[in-house]
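Structure first, then comments.
Number of protein chains: 2
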Amino acid sequence: MSNTPAYDALIARSRSQYHLHHLAMIAGVDRETLMPPGGAEARALALAELQQVMHARSTDPAIADLLKAAAQEELDDEARADMREMTRGYTLATALPAELVEAKGLAASRCEYEWRAQRQANDWAAYLPNFREVLRLSREEATRLSDALGLSPYDALLETFEPGMRGAEVSRVFGAMRGWLPGLIAQIRDKQAKESVIEPVGPFAFEAQRALVREMAEALGFDFTRGRLDESTHPFSGGVPEDVRMTTRFREDDFSVALFSTIHETGHSRYEQGSPRGWLGRPIGTWRSMGIHESQSLAFEMQLARSQGFLERLAPRLVHHFGAQRAFEPENWVRAATRVVAGKIRVDADEATYPCHVMLRFDIERALIAGEMQAEDLPAAWDEGMRDLLGIDTRGDYRDGCMQDPHWAGGAFGYFPCYTLGALYAAQWFATIRRATPDLDARIAAGDYAPVFDWLGANIWSQASRWTTPELVQRASGEALNPEHFRRHLQARYLTSS
Amino acid sequence: MSNTPAYDALIARSRSQYHLHHLAMIAGVDRETLMPPGGAEARALALAELQQVMHARSTDPAIADLLKAAAQEELDDEARADMREMTRGYTLATALPAELVEAKGLAASRCEYEWRAQRQANDWAAYLPNFREVLRLSREEATRLSDALGLSPYDALLETFEPGMRGAEVSRVFGAMRGWLPGLIAQIRDKQAKESVIEPVGPFAFEAQRALVREMAEALGFDFTRGRLDESTHPFSGGVPEDVRMTTRFREDDFSVALFSTIHETGHSRYEQGSPRGWLGRPIGTWRSMGIHESQSLAFEMQLARSQGFLERLAPRLVHHFGAQRAFEPENWVRAATRVVAGKIRVDADEATYPCHVMLRFDIERALIAGEMQAEDLPAAWDEGMRDLLGIDTRGDYRDGCMQDPHWAGGAFGYFPCYTLGALYAAQWFATIRRATPDLDARIAAGDYAPVFDWLGANIWSQASRWTTPELVQRASGEALNPEHFRRHLQARYLTSS
Numbered sequence: 039m040s041n042t043p044a045y046d047a048l049i050a051r052s053r054s055q056y057h058l059h060h061l062a063m064i065a066g067v068d069r070e071t072l073m074p075p076g077g078a079e080a081r082a083l084a085l086a087e088l089q090q091v092m093h094a095r096s097t098d099p100a101i102a103d104l105l106k107a108a109a110q111e112e113l114d115d116e117a118r119a120d121m122r123e124m125t126r127g128y129t130l131a132t133a134l135p136a137e138l139v140e141a142k143g144l145a146a147s148r149c150e151y152e153w154r155a156q157r158q159a160n161d162w163a164a165y166l167p168n169f170r171e172v173l174r175l176s177r178e179e180a181t182r183l184s185d186a187l188g189l190s191p192y193d194a195l196l197e198t199f200e201p202g203m204r205g206a207e208v209s210r211v212f213g214a215m216r217g218w219l220p221g222l223i224a225q226i227r228d229k230q231a232k233e234s235v236i237e238p239v240g241p242f243a244f245e246a247q248r249a250l251v252r253e254m255a256e257a258l259g260f261d262f263t264r265g266r267l268d269e270s271t272h273p274f275s276g277g278v279p280e281d282v283r284m285t286t287r288f289r290e291d292d293f294s295v296a297l298f299s300t301i302h303e304t305g306h307s308r309y310e311q312g313s314p315r316g317w318l319g320r321p322i323g324t325w326r327s328m329g330i331h332e333s334q335s336l337a338f339e340m341q342l343a344r345s346q347g348f349l350e351r352l353a354p355r356l357v358h359h360f361g362a363q364r365a366f367e368p369e370n371w372v373r374a375a376t377r378v379v380a381g382k383i384r385v386d387a388d389e390a391t392y393p394c395h396v397m398l399r400f401d402i403e404r405a406l407i408a409g410e411m412q413a414e415d416l417p418a419a420w421d422e423g424m425r426d427l428l429g430i431d432t433r434g435d436y437r438d439g440c441m442q443d444p445h446w447a448g449g450a451f452g453y454f455p456c457y458t459l460g461a462l463y464a465a466q467w468f469a470t471i472r473r474a475t476p477d478l479d480a481r482i483a484a485g486d487y488a489p490v491f492d493w494l495g496a497n498i499w500s501q502a503s504r505w506t507t508p509e510l511v512q513r514a515s516g517e518a519l520n521p522e523h524f525r526r527h528l529q530a531r532y533l534t535s536s
Numbered sequence: 039m040s041n042t043p044a045y046d047a048l049i050a051r052s053r054s055q056y057h058l059h060h061l062a063m064i065a066g067v068d069r070e071t072l073m074p075p076g077g078a079e080a081r082a083l084a085l086a087e088l089q090q091v092m093h094a095r096s097t098d099p100a101i102a103d104l105l106k107a108a109a110q111e112e113l114d115d116e117a118r119a120d121m122r123e124m125t126r127g128y129t130l131a132t133a134l135p136a137e138l139v140e141a142k143g144l145a146a147s148r149c150e151y152e153w154r155a156q157r158q159a160n161d162w163a164a165y166l167p168n169f170r171e172v173l174r175l176s177r178e179e180a181t182r183l184s185d186a187l188g189l190s191p192y193d194a195l196l197e198t199f200e201p202g203m204r205g206a207e208v209s210r211v212f213g214a215m216r217g218w219l220p221g222l223i224a225q226i227r228d229k230q231a232k233e234s235v236i237e238p239v240g241p242f243a244f245e246a247q248r249a250l251v252r253e254m255a256e257a258l259g260f261d262f263t264r265g266r267l268d269e270s271t272h273p274f275s276g277g278v279p280e281d282v283r284m285t286t287r288f289r290e291d292d293f294s295v296a297l298f299s300t301i302h303e304t305g306h307s308r309y310e311q312g313s314p315r316g317w318l319g320r321p322i323g324t325w326r327s328m329g330i331h332e333s334q335s336l337a338f339e340m341q342l343a344r345s346q347g348f349l350e351r352l353a354p355r356l357v358h359h360f361g362a363q364r365a366f367e368p369e370n371w372v373r374a375a376t377r378v379v380a381g382k383i384r385v386d387a388d389e390a391t392y393p394c395h396v397m398l399r400f401d402i403e404r405a406l407i408a409g410e411m412q413a414e415d416l417p418a419a420w421d422e423g424m425r426d427l428l429g430i431d432t433r434g435d436y437r438d439g440c441m442q443d444p445h446w447a448g449g450a451f452g453y454f455p456c457y458t459l460g461a462l463y464a465a466q467w468f469a470t471i472r473r474a475t476p477d478l479d480a481r482i483a484a485g486d487y488a489p490v491f492d493w494l495g496a497n498i499w500s501q502a503s504r505w506t507t508p509e510l511v512q513r514a515s516g517e518a519l520n521p522e523h524f525r526r527h528l529q530a531r532y533l534t535s536s
């Protein structure tokens, strides 16, 4: 008989939840990729029913007793890490009263649903009352989580996406970047203004694009025996580690959407596929945090796939799939794939300007949750931030301004910083890989990505949730999060003459 | 406040189960159509976990109390029909001890899994011990169900697939058919032996086949806004009424596999899509029985789509999709699509010889469950039955003899009769439609299938589980199940000179 019965009982519960989670993920993937419109309502009810089953299980008061009992058992280090995650999970699951969860869910669904048309119509006035209600309930959620976790309200929200990260730490990092990023962007744009670039000209046949992205996913190590690549309106990586479902989307006039979104999702997917098999179903077996997940997709998409060596190898493959055109001459293609352009839209941004979009949102959402800013103050703060950070005028353009993202409409405050944390982590990983493999660029240029995959596998994928995020960063790279690696990366890629 | 609180509580539970069932169906469809091999184990565990949740809910002792309380409430006729179904469901769900369900599940999984290779190898000796264990546990299951339902053991199994049907009734019907079917088959074969038929010659491009079957599904009224047509190794119709997923499979050398399987599954699918929306989630809202379900697929595939008028209209569409060939001349194509050939394989059988395959299996499985026949007696009984019914020698050929089907290996005894009950019901529906629409054949020949769809919609689809099967048959056709309609159908189609 086991001498850790309480811990074992908790792990059995964790595995049961993992199995139900599997069904939620697959039904969610089906919804985005295959489901006909008539199935939407029944699917929503079905998933809500499953959520209810899972929520009841995750808030079962017996878990509190088991956690107490297991804390007295003789546990090894990995089991103690399981306990850390289970304690956090139980605290989060039980922190919110059911009525608040339901009220916020309804308000967010409504706001997000109506936002689609309101955004199209540039109708801030219609959006405001819905948004105000979502903000009100999100503040209440933050307060409740704050009480349960002993963190500030904003930090409590951040904790749900990026455990261990605090607003003050994000401030420190983003504050440093604010000092050098706008100037660096200006330097890059000055340099690029002197270079001529030929844009690829379509149409690019869907079949050729499909073959290209499949080839890319295979070259980047996606395991098709344990996953699929399908299509959806918005690319994503979903499913479960045993069966990872990633998607892309195809535009006939622009193959780079499918190409780079596939590479991005392949990064997410390899993180999932690289989870230790023996840990699956255990709390330590799951991906670490949103920022770490994004660091994998950006390691693939930005660090690896937009490097000069990778892009130069890609050029002849473009010729192979789409036929020759001048834009695919290697030197031009490298320039075309690394243009830096300040624009209004976050999701269209290049890696240099992207953090500006995030820093703006971080400042605003922190003030909104703290009650220092009200819903109606959002457009003015947005316009001011976009002018300061990127020199762009967004006045009166809510559609491509403060109404462009679904996150806040859906009540997800504390999520945005993870995108840029991911970019910073990715740069830090590559700096570490480069120290261990000084000829990394030559290896990549020769099509040998093993140094990247081996390092990520050993230091990130195989570690899953074994460590807290700060511990993971320290162990993997030998230091805490350091935005300096990102600065050096931008300088090396965009300001060193090649 | 409702004055039927117990009934309402039962309906709420029914709806919850319906929502979870949705996820099981979609995950099952995904498994057959998309899932990569590496996902199989995790999917099996996930579905088993959901089954456990659903089983715990369906056997909750509180249901017994609610059923008792609701029986005292003032319920309308539809609610009383709900009560009939819930009572039956609870009795079936609670009749079997969990250990028996688990033991049978394991034995059946093992037997069915190993059967795949054993069948290929024609290895009866290796199959026998697994099959003996499945039979032993199926007998025990039958005995337990028999106690709970107050039926004979075989009838208790039949009740799980075709509620209200009894072995004695099947015997009566099959006994009558045994008197005339073999002679009728001989007559048909004599007649057809004098006719020359040209078989269509492939290859038939997959894209052309896809276009053909999509066109067929649309012409037959499949609603693509509430369903999909995909591909799988074995065609099926799954999903839920709000989102019906049917599949087909393509063989390059024979388009008729995809064509007729799509038409067959469209019949199943329209039954589902025709469920009354207001009843979904209620016990009366579900499909009635396996036999009634099969009557819909066979009404489409056999009664409608192999009629002379339908086939003649189809001929120019084949030319359109595949190009002209002599086999597609209407008179020839009608003959090619209505050949009667006595063969060893049930799933390849035409509608005239198919019932012989089922009658054989019915006699054997009834004797097996009654303990009048043992597992080792199966091959001899099979050989004898095939010789008597179809004049075919199967001695030594287990692979295409008694080992050809997965049903018994999987522990499904009492299922086979439903196939032929479906064919008999379908003939009875068409006889009824023809009485109401004397020019039915001319309407079909003109491409007007409304008389068929309208009648099925009003009499079968919209009735769901409102009535017991015998009640449904009586109400729809004005008489009890009568195999005479099937005899007349075969005579009219195959022995009347056209």
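Chains as they are written, first to last, in the numbering used here: chain W, 39 to 536; chain Z, 39 to 536.
Cβ coordinates follow ideal geometry from the N, Cα and C atoms, glycine included.
What you are looking at is a predicted structure, and each value in this text was computed from that prediction instead of being measured.
Looking at the secondary structure, which residues open and close the alpha helix (DSSP H) in which Z/Ser333 lies?
Z/Ser333 -> alpha helix (DSSP H) spans 328-336.
Short Cβ contact (9 Å threshold) for W/Trp293 with W/Thr285:
Looking at the sequence shown, residue 293 of chain W is not Trp but Phe. Cβ distance not < 9 Å, so W/Phe293 and W/Thr285 don't count as in contact.
Starting from W/Leu267, trace the beta strand (DSSP E) in both directions and tell me its first and last residue.
265-269
Here's the rule: buried if 16 or more other CB atoms are within 10 angstroms of the residue's CB, otherwise exposed. What is Z/Tyr151?
Burial state of Z/Tyr151 is exposed, judged by a 10 Å Cβ sphere holding fewer than 16 other Cβ atoms.
In this structure, does DSSP put Z/Gly516 in helix, strand or coil?
coil
For Z/Arg344, three-class secondary structure by DSSP
coil
Short Cβ contact (9 Å threshold) for Z/Arg525 with Z/Ser345:
no
What residues in the segment 277-298 of chain Z have a beta carbon less than 7 Å from any beta carbon of chain W?
Of all residues in the segment 277-298 of chain Z, only Val278, Glu280, Asp281 place a beta-carbon less than 7 Å from a beta-carbon of chain W.
Determine the DSSP secondary structure at W/Arg283, reduced to helix, strand or coil.
strand
Output, in chain order, the set of chain Z residues within a Cβ distance shorter than 7 Å of W/Val372.
Those within 7 Å of W/Val372 in chain Z number zero; the least Cβ separation is about 35 Å.
So for Z/Gly448, helix, strand or coil by DSSP?
coil
Select from the segment 74-100 of chain Z all residues with a C-beta closer than 8 Å to any C-beta belonging to chain W, and list them in chain order.
Pro74, Pro75, Gly76, Gly77, Glu79, Ala80, Arg81, Leu83, Ala84, Leu85, Ala86, Glu87, Leu88, Val91
Beta-bridge pairing of Z/Asp292 - partner residues as DSSP gives them:
Z/Arg289
Are Z/Leu130 and Z/Leu88 close, meaning C-beta to C-beta below 9 Å?
By the CB criterion at 9 Å, Z/Leu130 and Z/Leu88 fall outside the cutoff.
Can you tell me which of the three DSSP states Z/Ser275 falls into?
strand
Decide if W/Thr432 is buried, meaning its Cβ has at least 16 other Cβ atoms within 10 Å, or exposed.
Buried: at least 16 other Cβ atoms inside 10 Å.
Mind pulling the chain Z residues with CB within less than 7 Å of W/Gly265?
Pro74
Backbone CA spacing between W/Glu422 and W/Thr458 [nearest angstrom]:
21 Å
Let me know the secondary structure DSSP gives Z/Asn160 once reduced to three states.
coil
Return yes when the Cβ of W/Gly205 is within less than 9 Å of the Cβ of W/Ser190, no when it is not.
yes
Min CB distance W/Ile49 to chain Z below 9 Å:
no
Please report the residue range of the alpha helix (DSSP H) in which W/Gly312 lies.
It is not in any alpha helix (DSSP H) - W/Gly312 carries neither H nor E in the DSSP assignment.
Does the segment 193-208 of chain Z come close enough to the segment 507-514 of chain Z that 3 or more CB-CB pairs lie under 8 Å?
Contact between the segment 507-514 of chain Z and the segment 193-208 of chain Z is present, because at least three Cβ pairs lie under 8 Å.
If you reduce the DSSP assignment to three classes, tell me which class Z/Pro74 lands in.
coil
Inspect the beta-carbon positions of Z/Ala337 and Z/Phe468 and report whether they are closer than 9 Å.
yes
Using CA atoms only, rank isn't needed, just tell me which of W/Arg326, W/Glu290, W/Ala255 is closest to W/Pro314.
W/Arg326
W/Arg174 and W/Met441 look like a contact to me (Cβ under 8 Å); what is the Cβ gap, rounded to whole Å?
Not a contact, Cβ separation roughly 18 Å.
Residue of Z/Ala518, Z/Glu414, Z/Arg177, Z/Phe451 minimising C-alpha distance to Z/Trp162
Here the closest residue by C-alpha is Z/Glu414.
Under 9 Å by beta carbon: chain W residues contacting Z/Ser275:
Against chain W, a Cβ distance below 9 Å from Z/Ser275 picks out nothing, because the smallest value is about 15 Å.
Pairwise C-alpha distance: Z/Asp435 and Z/Ala159
10 Å
Should W/Gln341 go down as buried or exposed, given a rule of 16 or more other Cβ atoms within 10 Å for buried?
buried
So, is Z/His620 buried or exposed, given that buried needs 16 or more other C-beta atoms within 10 angstroms?
Beyond the ends of chain Z as shown, which are 39 and 536, falls residue 620 of chain Z; an answer cannot be given.
Please decide whether W/Ile301 counts as near chain Z, where near means a Cβ-Cβ distance under 9 Å.
no
How close, in whole Å, do the beta carbons of Z/Arg283 and W/Gly76 come, if the pair is a contact with beta carbons under 8 Å?
The pair is not a contact, with the Cβ atoms about 12 Å apart (cut-off 8 Å).
Return yes when the Cβ of W/Leu297 is within less than 9 Å of the Cβ of W/Leu250, no when it is not.
yes
For W/Arg404, does the count of other Cβ atoms within 10 angstroms reach 16, so buried, or fall short, so exposed?
buried
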